[in-house]
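The opening residue of the sequence shown carries number 1 in our numbering; numbering runs sequentially from there. No residue lacks a Cβ here, since even glycine has one placed at the ideal position from N, Cα and C.
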Amino acid sequence: MNFYLRIFSLLKGSYLHIACKIAMGVLITATYVGQAFAIAAGLKGVFYKKSLEDLGFVLLCIGLLVLLRALLHWLDEIYAKRIAFWVKSRLRERLFQHVMNLGPGYQENCRSGSIQALLTDGVESLEPLLTGYIPQLLVAFFGSGLISLYIFSLDRVVGIIALTGIIITVLFPQLMSKYVGKIILEYWQSHARLNSQYIDAMQGMAALKMFNAGKKKGQELSEEAWGHYRHSMQGLGISLLDSAVVKWAAAAGSTLAAGVGALRVSNGELPLADLFIILFLSVECFRPLNELVMYWHRSFLGIAAVRGIFAIFDTNISIQDQEDFNGDNNVCPYPEIDFKNVTFSYAAGKRPAVKNVSLRVNPGETVAIVGKSGSGKSTMVNLLLRFFEQQEGSILLNGRDIKDYPLSFLRSQIAVVFQDTYLFYGTVEDNLKIAKPGATREELEQAAKLANAHDFIMNLKDGYRTHIGERGVRLSGGQKQRLSIARAVLKNAPLLILDEATSNVDGASEKMIQEALDKLVRNRTTIIIAHRLSTIKGADRIIVLDDHRVKETGTHSELLGFGGIYAQLVRLQQG
Numbered sequence: 001m002n003f004y005l006r007i008f009s010l011l012k013g014s015y016l017h018i019a020c021k022i023a024m025g026v027l028i029t030a031t032y033v034g035q036a037f038a039i040a041a042g043l044k045g046v047f048y049k050k051s052l053e054d055l056g057f058v059l060l061c062i063g064l065l066v067l068l069r070a071l072l073h074w075l076d077e078i079y080a081k082r083i084a085f086w087v088k089s090r091l092r093e094r095l096f097q098h099v100m101n102l103g104p105g106y107q108e109n110c111r112s113g114s115i116q117a118l119l120t121d122g123v124e125s126l127e128p129l130l131t132g133y134i135p136q137l138l139v140a141f142f143g144s145g146l147i148s149l150y151i152f153s154l155d156r157v158v159g160i161i162a163l164t165g166i167i168i169t170v171l172f173p174q175l176m177s178k179y180v181g182k183i184i185l186e187y188w189q190s191h192a193r194l195n196s197q198y199i200d201a202m203q204g205m206a207a208l209k210m211f212n213a214g215k216k217k218g219q220e221l222s223e224e225a226w227g228h229y230r231h232s233m234q235g236l237g238i239s240l241l242d243s244a245v246v247k248w249a250a251a252a253g254s255t256l257a258a259g260v261g262a263l264r265v266s267n268g269e270l271p272l273a274d275l276f277i278i279l280f281l282s283v284e285c286f287r288p289l290n291e292l293v294m295y296w297h298r299s300f301l302g303i304a305a306v307r308g309i310f311a312i313f314d315t316n317i318s319i320q321d322q323e324d325f326n327g328d329n330n331v332c333p334y335p336e337i338d339f340k341n342v343t344f345s346y347a348a349g350k351r352p353a354v355k356n357v358s359l360r361v362n363p364g365e366t367v368a369i370v371g372k373s374g375s376g377k378s379t380m381v382n383l384l385l386r387f388f389e390q391q392e393g394s395i396l397l398n399g400r401d402i403k404d405y406p407l408s409f410l411r412s413q414i415a416v417v418f419q420d421t422y423l424f425y426g427t428v429e430d431n432l433k434i435a436k437p438g439a440t441r442e443e444l445e446q447a448a449k450l451a452n453a454h455d456f457i458m459n460l461k462d463g464y465r466t467h468i469g470e471r472g473v474r475l476s477g478g479q480k481q482r483l484s485i486a487r488a489v490l491k492n493a494p495l496l497i498l499d500e501a502t503s504n505v506d507g508a509s510e511k512m513i514q515e516a517l518d519k520l521v522r523n524r525t526t527i528i529i530a531h532r533l534s535t536i537k538g539a540d541r542i543i544v545l546d547d548h549r550v551k552e553t554g555t556h557s558e559l560l561g562f563g564g565i566y567a568q569l570v571r572l573q574q575g
């Protein structure tokens, strides 16, 4: 019951609209009932009065009811679509915001394709459930319920037959729901896997081509697609069985009610005029239920998808934002960063990243963090940005725990140039404005010039309005990185983090990028994470991580003099 109440809660904010849709559904049912009474009245006139003089009025009434019903159906469809669009848009916004609040830590354990399937296909599949099945539940309750009670008032025996048919029609799908739900859930899971596989294949097309692995990946996709097909056929088979039983119950109920009514008329136990009414009302009694069952089957995929949607909503947000901030929202121009005994492991403590790390970055200082791959360098950036929460210790910004700052404010004070630059589909200008949405053209050009990016941008077909493709596919690695630096310039944050900013580019691009970075670090507190040790010789201090701990600290010359881990790393890169 709680599950279905949660489904109903997805309509929050549109209850009045749903009530209006229910009212229209009841009115549509009322037109069918009115039509049944009109036909019964026409037959009564023919049989009792032996005259056709009232038939014209009856036909006029039926014609008007048909026109009214057509108008109501038209309004009902339009209204249902409007409600559906509103509910789906609002739900997608809620889902996206929750996923954003969950942050990178959540995505670490999920496939992007599965989340994408829920946000698009999953939400879309809820339409027949939310705006079809749920309103029709009450339409069927009022419509079929009141009609069957009226038939019962005319004749108890016929009324019991109608009620029995209604009970079978309502209960059988519920009895099958557990089995059907299992099959449909498997269908949805296979759909999500197939979606993820195709996204992986599209994003990794270059790698598949390079290693001649396209045929193998195609075979994997084919197996997944055929598995999806088998789940579809299983769902279709059980759905058809369900529909067959329900349609049989509805047909048998209305036919048996009419037949028993005729028998009771022949025995003198039921007036002929009442039989005319029963004859047509017994059909209308099951019409709302047939439509309810139709929506029920259309809702199967939505019921499966909504479990995944609820699973996202039920995932607790581990990074809690600070809403009530009692303090100065202005960090000084040269922030101070202090890691105190920080310990963090990924995968709920199963994969150690940093252990008991303590270090300080003084105001205006440039500090480089180096170490072997997997020593925890990038993890420290993730912790500082609060993408993840350390299990032990604390991180201070100007003497205050970063947990005490609102997330939006904390991240506004930090500009990061990542190793893997992510560019969105759109123009150069669109991607730069992510850092400052209201930036003027002059500000964009100034930032690009400081990043040594303006010249290559102007050489593009449409300059700053050039579309760069998905993930910036139309740009070189060096060009992407310079756009990333331009974004950092445009953000103009007092704390700058350079995370392997020159590791994936050629020598010529590295020189231009390094020149841009040299300009960028001026008048800022800077943290540099680097593999190429030649790029951090001028740092005020170098911190060496090894085995997830701080092992050495000093200047370039001091660390070489120690002859320890840093000196060994330098020799390996030079040799």
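{"Asked": "Cβ contact (3+ pairs, closer than 8 Å) linking the stretch 114 to 122 and the stretch 353 to 366", "Found": "no"}
{"Asked": "Beta-carbon proximity list for arginine 193, same chain, < 7 Å, skipping 5 on both sides", "Found": "Glu224"}
{"Asked": "3 or more residues per run - each beta strand (DSSP E) lying fully within the stretch 164 to 214", "Found": "none"}
{"Asked": "Coil, strand or helix - leucine 397 by DSSP", "Found": "strand"}
{"Asked": "Selected residue, minimal CA-CA separation from lysine 491, among Leu91, Ala439, Glu515", "Found": "Ala439"}
{"Asked": "Per-residue burial, glycine 561 [other beta carbons within 10 Å of its own, 16 or more giving buried]", "Found": "exposed"}
{"Asked": "Limits of the unbroken alpha helix (DSSP H) element including aspartate 76", "Found": "55 to 102"}
{"Asked": "Cα-Cα separation between threonine 421 and glycine 132, rounded to whole angstroms", "Found": "44 Å"}
{"Asked": "Three-state secondary structure (DSSP) of glutamate 558", "Found": "helix"}
{"Asked": "Exposure label - alanine 311; buried when at least 16 CB within 10 Å", "Found": "exposed"}
{"Asked": "Stretch pair the stretch 344 to 354 + the stretch 509 to 526: three plus CB contacts closer than 8 Å", "Found": "no"}
{"Asked": "Contacting residues, own chain, Cβ-Cβ under 7 Å from valine 354 (five flanking each side not counted)", "Found": "Val342, Thr343, Phe344, Gly376, Thr379, Met380, His548"}
{"Asked": "Three-state secondary structure (DSSP) of threonine 343", "Found": "strand"}
{"Asked": "Which residues DSSP lists as bridging glutamate 552, in chain order", "Found": "Val544"}
{"Asked": "Opposing strand residues paired with isoleucine 577 [DSSP bridges]", "Found": "Outside the modelled stretch of the chain, which goes from 1 to 575, sits residue 577, for which no answer is possible."}
{"Asked": "Span separating the alpha-carbon of isoleucine 457 from that of glutamate 443", "Found": "14 Å"}
{"Asked": "Identity of the residue in Arg90, Lys178, Thr255 nearest isoleucine 166 by Cα", "Found": "Thr255"}
{"Asked": "Rounded C-alpha distance that separates asparagine 195 from alanine 488", "Found": "34 Å"}
{"Asked": "Short Cβ contact (8 Å threshold) for serine 70 with tryptophan 188", "Found": "In the sequence as presented, serine is not what sits at residue 70; that position holds alanine. Not a contact, by the Cβ cut-off of 8 Å."}
{"Asked": "Assumed close pair phenylalanine 257, isoleucine 278 - CB separation to whole angstroms, cut-off 8 Å", "Found": "According to the sequence as given, residue 257 is alanine; it is not phenylalanine. Correct: roughly 6 Å between the Cβ atoms."}
{"Asked": "Leucine 270 in three-state terms, based on DSSP", "Found": "coil"}
{"Asked": "Contact between the stretch 283 to 294 and the stretch 133 to 142 (3+ Cβ pairs under 8 Å)", "Found": "yes"}
{"Asked": "At least 3 beta-carbon pairs within less than 8 Å: the stretch 544 to 559 vs the stretch 385 to 395", "Found": "no"}
{"Asked": "Whether glutamine 513 touches alanine 368 by CB criterion (8 Å)", "Found": "According to the sequence shown, residue 513 is isoleucine rather than glutamine. No, the Cβ-Cβ distance between isoleucine 513 and alanine 368 is not below 8 Å."}
{"Asked": "Glutamate 323 versus serine 534: straight-line alpha-carbon distance, rounded", "Found": "43 Å"}
{"Asked": "Reduced DSSP secondary structure (H/G/I, E/B, other) of valine 265", "Found": "helix"}
{"Asked": "Buried or exposed (CB count within 10 angstroms, at least 16 for buried), methionine 233", "Found": "exposed"}
{"Asked": "Tyrosine 566, buried or exposed, once every other Cβ within 10 Å from all chains shown has been counted against 16", "Found": "buried"}
{"Asked": "Stretch-stretch touch, CB-based, cutoff 8 Å, three pairs: the stretch 32 to 41 with the stretch 152 to 165", "Found": "no"}
{"Asked": "CA nearest to the CA of alanine 415, picked from Gly399, Ile395, Asn382", "Found": "Asn382"}
{"Asked": "Alpha carbon of isoleucine 529 to alpha carbon of lysine 372, nearest angstrom", "Found": "11 Å"}
{"Asked": "Segment limits, alpha helix (DSSP H) that includes aspartate 430", "Found": "428 to 432"}
{"Asked": "Where isoleucine 317 falls, given that 16 or more other Cβ within 10 Å makes a residue buried", "Found": "exposed"}
{"Asked": "Under the three-state DSSP convention, the category threonine 29 falls into", "Found": "helix"}
{"Asked": "Candidates Arg6, Pro335, Ala250, of which the one nearest isoleucine 527 by Cα", "Found": "Pro335"}
{"Asked": "Opposing strand residues paired with isoleucine 414 [DSSP bridges]", "Found": "Leu495"}
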